[in-house]
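In what follows, a structure is listed as structure tokens, so that the remarks can point back to it.
Protein chains in written order, with our numbering: chain A, -2 to 250; chain B, 256 to 771.
Below you can see the structure in the form of structure tokens.
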């Protein structure tokens, strides 16, 4: 018993001060891409060709990156001879609507809060049921890590619960495999209304590396309506937390 | 003639003998008759071999070619041989339980039925890849519903059945567990997976292409470095490309950081499953410290982008190495303090000891791998037995424990944490010079290569064969979980059903690594 107390003292206090202070992210972290259309050559499609998931399109206005499809591998950045795409260190990647995930170098839109009535219901207490529907355990692991003392999700009133019947919504990872479709639909049906759905990771948004495989459904919103998208492969825990807090209106715009 | 372990002289059956990562022309893989193929598998296992892979490759004419890869740990060699089969062949499983799951897979993928297989079931629930041929004739091909199989049933008074999953209570992947219980006692556990099936192996054919490395990094997302390393070594072998010592070292550092993070997290989760919150809380955090070290190297906590064909995606410059060493020191010190509590607390020992015990015999019969096997006292580790990359020059001692229970699986993790940490420290202190990445080369046509990597769960086996144009004709992935799920089912026999979470966590197998 004494040893446990000594260990407790040695381990110290480890909860990060985010959101009061900026999060510390590694210098090589690949976050929100910066696009400079002025540098883009006409007729060049090197970035489009380099992308493994078809996340990039180009037209007269320059390249656009669909963060929903993006694996953040930065192959496009490496392929561009003119530096028109560069992955920055901004961790704020989430969006409320699928089309808002397309980055064109103009305004960086952040997650908007739920409407006032829903916020009154969930703003101070949100219980989520997590469903992995073909996820590779990357997104699952970095969602789970929010429960550790480092992020201490409970301090925001957000909690993962064991039953969909105890939940206010679902947090879905994975491309939704055909073999998980029915289980996901049943789990969704078991959540009492009103309910919200959060899609975490490239797979859950658009299918990720498995996009267009006949075995998968290209993401959660092909099966259930989605209220919040969190891009990344997998998203950094801070990216997920940022999106959750903004959804609940707990971070200033 | 050769002398079998039993002492008798038996005729030599031709096989291709290669080393880990050594390419060979496909024509050198002997095509045996079915009886000779059977003798080669059974004899090889009797002589101390283990099935690393057994898979089908479709033939242009009708039928499929069965290719077996046996791993001989003592000799450090892999023997490869094959046989041509039609729609059915006599099953190996009755005489060789190791083949059990592989034969189910062959039946499901290629519609080749192993006759006399005692427990033939779908393992991923998808239609056959060979049109018009199905391992389960008369099935409706429009849909193969997951989890719909004949589960083994025990009947009798007070016998009851418990069904769990696919959606579980925690934040974990889906799978279905069916228990036959007598009171609290588990008589039998049957595990039905396939919910995570994303069709990766099917999609790998015709590659490599720009998406292939991303399939590798997400085969089992907690083993991104392990699977990506096996894949890159296969590409480099088939392309005749040698990577620099620096790249080899950085790959090994990433691999060991992956092991450190997962082992630490597992020990925390084991503590949580027996209600010991201090270690659970500390290890949950320290696991993140190791993940953040990987992120310091490559920007991703899971090593995405680190392992690339021809080397590594990111270098570790001297200041970064110094920072890593400092962080490693802190993390290991904290992990030591947190994990030692496990061995000092009698209430934890009482829950770990004797729970979910596996004997070395069962381990051998089922061909289990990795830390699960080492926790049964089996001395086997790819890094030692089939070394590739920097492990050819810098060894990590093999950690074993003999009791085969949850305690052993926890303790082996702790031993490996210490040894991996020492290895990473040693490597970062003296990084060799050299380029981080060299150019890739086209793959040689009509060849085969087997690449083994000791991932944190155990032996990762990738077998690549190329066609006339140097594209993948077949790319077989065997995650360690593929071998070990049956071990979990056996470990649960005659255990309390309430010990299932603890036993399950002590294996911590991959669902998607199995389902592919």
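Just so it is clear, CB atoms sit at the ideal spot from N, CA and C, and this is done for glycine as well.
Checklist entry - Can residue 719 of chain B and residue 489 of chain B be called in contact, C-beta distance under 7 Å? => result yes
Next on the checklist: Along the region 131 to 151 of chain A, where does the CB come closer than 8 Å to a CB of chain B? Name the residues.
Outcome noted: Contacts with chain B (Cβ-Cβ distance below 8 Å) from the region 131 to 151 of chain A involve 131, 132, 133, 134, 135, 136, 137, 138, 139, 140, 141, 142, 144, 145, 146 and 147, listed in chain order.
Item to check | Closer than 7 Å to chain A by CB, residue 681 of chain B | outcome: no
Next on the checklist: Within the continuous beta strand (DSSP E) that includes residue 226 of chain A, where are the two ends?
Outcome noted: 225 to 227
Next on the checklist: Taking the beta carbon of residue 641 of chain B as the centre, do at least 16 other beta carbons fall within 10 Å, making it buried, or is it exposed?
Outcome noted: buried
Checklist entry - residue 497 of chain B: which of B:433, B:728, B:278 and B:569 sits nearest, CA to CA? => result Among B:433, B:728, B:278 and B:569, the Cα nearest to that of residue 497 of chain B is on B:278.
Next on the checklist: Which residues in chain B have a C-beta closer than 9 Å to the C-beta of residue 88 of chain A? List them in chain order.
Outcome noted: Per Cβ cutoff of 9 Å: no residues; residue 88 of chain A is ~12 Å from chain B at best.
Item to check | Residue interval of the alpha helix (DSSP H) (run including residue 717 of chain B) | outcome: Taken as a continuous stretch (DSSP letters only), residue 717 of chain B belongs to no alpha helix (DSSP H), being part of the beta strand (DSSP E) at 714 to 721.
Next on the checklist: On the DSSP bridge list, what partners appear for residue 848 of chain B?
Outcome noted: Past the edges of chain B, shown from 256 to 771, lies residue 848 of chain B, and the structure says nothing about it.
Next on the checklist: To be precise: take each residue of the region 183 to 197 of chain A, compare its Cβ to all Cβ atoms of chain B, and keep it if any distance is under 7 Å. Which residues remain?
Outcome noted: For the region 183 to 197 of chain A, which is checked against every Cβ of chain B, the residues closer than 7 Å are 184.
Checklist entry - Given that a residue counts as buried once 16 or more other Cβ atoms are within 10 Å of its Cβ, and exposed if not, what is residue 407 of chain B? => result A residue is called buried when at least 16 other Cβ atoms come within 10 angstroms of its Cβ; residue 407 of chain B does not meet this threshold and is exposed.
Checklist entry - Beta-carbon of residue 156 of chain A versus every beta-carbon of chain B: anything under 7 Å? => result no
Next on the checklist: Helix, strand or coil for residue 535 of chain B? Go by DSSP, reduced to three states.
Outcome noted: Note: residue 535 of chain B maps to helix in three-state DSSP.
Item to check | Sequence-distant residues of its chain with Cβ nearer than 7 Å to residue 634 of chain B (five each side left out) | outcome: 653 and 655
Checklist entry - Measuring CA to CA, which of A:224, A:87 and A:108 is closest to residue 258 of chain A? => result Lying before the first or after the last residue shown, residue 258 of chain A is absent from chain A, which here runs from -2 to 250.
Checklist entry - Under the three-state reduction of DSSP, which class applies to residue 373 of chain B: helix, strand or coil? => result coil
Checklist entry - Taking DSSP as the reference, what is the three-state secondary structure of residue 566 of chain B? => result strand
Next on the checklist: Give me the subset of the region 87 to 114 of chain A whose CB atoms are less than 7 Å from a CB atom of chain B, sorted by chain position.
Outcome noted: Cβ contacts with chain B come from no residue of the region 87 to 114 of chain A.
Item to check | Contact belief for residue 132 of chain A with residue 166 of chain A at Cβ below 8 Å, rounded distance in angstroms | outcome: Residue 132 of chain A to residue 166 of chain A, Cβ: 17 Å. No contact.
Checklist entry - Can you round the beta-carbon distance between residue 603 of chain B and residue 529 of chain B to whole angstroms, since I take them to be within the 8 Å contact cut? => result 6 Å
Item to check | Beta carbon proximity, residue 450 of chain B to chain A, threshold 7 Å | outcome: yes
Checklist entry - What do you reckon, are the CB atoms on residue 540 of chain B and residue 146 of chain A nearer than 7 Å? => result yes
Next on the checklist: Please state whether the Cβ-Cβ distance between residue 613 of chain B and residue 524 of chain B is less than 7 Å.
Outcome noted: no
Checklist entry - Are there 16 or more other CB atoms within 10 angstroms of the CB of residue 381 of chain B, so buried, or fewer, so exposed? => result buried
Item to check | Sheet register partners of residue 760 of chain B (DSSP bridge) | outcome: Per DSSP, none; premise fails for residue 760 of chain B.
Checklist entry - What number of angstroms, rounded off, separates the C-alpha of residue 468 of chain B from the C-alpha of residue 109 of chain A? => result 35 Å
Checklist entry - Within 7 Å (strictly less), CB to CB, does residue 207 of chain A reach chain B? => result yes
Checklist entry - Thinking just about the alpha-carbon of each residue, which of B:665, B:676 and B:404 is nearest to the one in residue 447 of chain B? => result B:404
Checklist entry - Under a three-way DSSP split, which group does residue 460 of chain B fall into? => result coil
Item to check | When A:105, A:91 and A:104 are compared against residue 245 of chain A, the one with the closest alpha-carbon | outcome: A:91
Checklist entry - Closer than 7 Å, CB to CB, is residue 119 of chain A near chain B or not? => result no
Item to check | DSSP state of residue 115 of chain A mapped onto helix, strand, coil | outcome: helix
Checklist entry - If you draw a straight line from the C-alpha of residue 45 of chain A to the C-alpha of residue 58 of chain A, how long is it? => result Straight-line spacing of the CA atoms in residue 45 of chain A and residue 58 of chain A works out to 14 Å.
Checklist entry - Distance, Cα to Cα, residue 358 of chain B vs residue 450 of chain B? => result 19 Å
Item to check | Residue-chain proximity (residue 26 of chain A, chain B), Cβ-Cβ < 7 Å | outcome: yes
Next on the checklist: Tell me the residue span of the alpha helix (DSSP H) that contains residue 300 of chain B.
Outcome noted: 289 to 301
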